[in-house]
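In my numbering, the protein residues as written are 1201 to 1512.
Reviewing the structure listed below.
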């Protein structure tokens, strides 16, 4: 059984993906951990963007490797304050596309929910998606780990979650840069951005490396975010949007957008509008289940004899 001192901090997403076991990764909006092949998870906080969720999902793919076998998973969302609707749409699309491998790998998953409205959103999320593996929602990490049969990991998980404080500096710079780029995505320049943030170019690049990203990646992401907002808010043509966000052509815009989201701009617009309609109040959110309890539904038993709800 490994301790935090024995875990290795991955300096990039690519480093963790190359060999996940025994590593963790600290991002400005989440901490992802993979201490052993039979147990992993993540903590997500603040107001994550669609780009944040997409980075997290790259790490989530690490748990789907066939050689890793089956595992239990902890998702800590106590620090979640809210999220861009596009972030929820991104997570929904990711999970919907991977239900089968998750069903084959995940024994069970525990979610630790935040308080207030964000907690209701978290609790109702899987009511809409209907996962193919057992999920239960809790108010605390200890009871969630007990349900997973990993109560021996509570001290490790709490220390891992505490690592989010290390992301504070990079998170502040990254957030400021993203706001700056979204305000003016057409002609961004590293030198100008660094001056606006009262940093040297070298310092800005160091913060970005620590956050697992690059200036050009953030420029492209800002253009995609601005374009997504335009596509959701109105019916402007994709060519007009492409020019307005600084792309040289509609073809360049489409290639950049597809690389970032896995979909063409027109496909994303149709799917995001559909997801927004599905998640409107009165449809998707059905409120949180009782404290530490499962939703009622068909029952199944895992190899330890727990009665579990099985959705889907």
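For each residue, glycine too, the CB sits at the ideal point set by N, CA and C.
Quick caveat: nothing in here was measured; it's all calculated off a predicted structure.
For residue 1290 and residue 1253, the gap between their C-alpha atoms comes out near 7 Å. When the five nearest sequence neighbours on each side are left out, the beta carbons in the same chain lying within less than 7 Å of the beta carbon of residue 1454 are those of 1464, 1465, in order along the chain.
In terms of Cβ geometry, residue 1217 and residue 1229 do not form a close pair [threshold 8 Å]. Membership of residue 1463 in any alpha helix (DSSP H) is not indicated, and neither H nor E is assigned to it by DSSP. Fewer than three Cβ pairs drawn from the region 1207-1226 and the region 1270-1283 lie within less than 8 Å of each other, which leaves the two stretches out of contact. Between residue 1356 and the set 1215, 1235, 1225, the nearest pair of CA atoms involves 1235. Partner residues in the beta bridge of residue 1276, as assigned by DSSP, are 1243, 1312.
By the Cβ rule, the region 1429-1442 does not count as touching the region 1403-1412, because fewer than three pairs are nearer than 8 Å. Residue 1250 and residue 1425 do touch by the CB rule: their CB atoms are close to 7 Å apart, below 8 Å.
Judged by DSSP secondary structure, residue 1232 falls outside any alpha helix (DSSP H) and instead within the beta strand (DSSP E) spanning 1230-1236. In the DSSP annotation of this structure, the continuous segment of the alpha helix (DSSP H) that includes residue 1424 starts and ends at 1415-1433.
When DSSP reads this structure, residue 1338 sits in a beta bridge with 1312.
In this structure, the CA atom of residue 1258 is about 14 Å from the CA atom of residue 1411. The criterion of a C-beta distance shorter than 8 Å is satisfied by residue 1342 and residue 1354. Residue 1337 sits away from residue 1315, with the two beta carbons spaced by 8 Å or more. By the neighbour-count criterion, in which 16 or more other beta carbons inside 10 Å mark a residue as buried, residue 1232 falls on the buried side. Residue 1360 places its beta carbon less than 8 Å from that of residue 1224. In the assembly as shown, residue 1386 is an exposed residue. Its beta-carbon has fewer than 16 other beta-carbons within 10 Å. Residue 1351 is not a Cβ neighbour of residue 1312, given a cutoff of 8 Å.
In this structure residue 1274 is not in contact with residue 1329, their Cβ atoms being roughly 18 Å apart against a cut-off of 8 Å.
Under the three-state reduction of DSSP, residue 1333 is assigned to coil, being neither helix nor strand. In the structure shown, the three-state DSSP call for residue 1209 is strand. Annotation for residue 1376: 1397 place their beta carbon closer than 6 Å to its own, counting only its chain and skipping 5 residues before and after.
Burial is judged here by how many other beta carbons sit within 10 angstroms of a residue's own beta carbon; residue 1414 has fewer than 16 and is exposed.
Close CB contacts of residue 1391 within its chain, under the 7 Å cut and outside five residues either way in sequence, are with 1401 (chain order).
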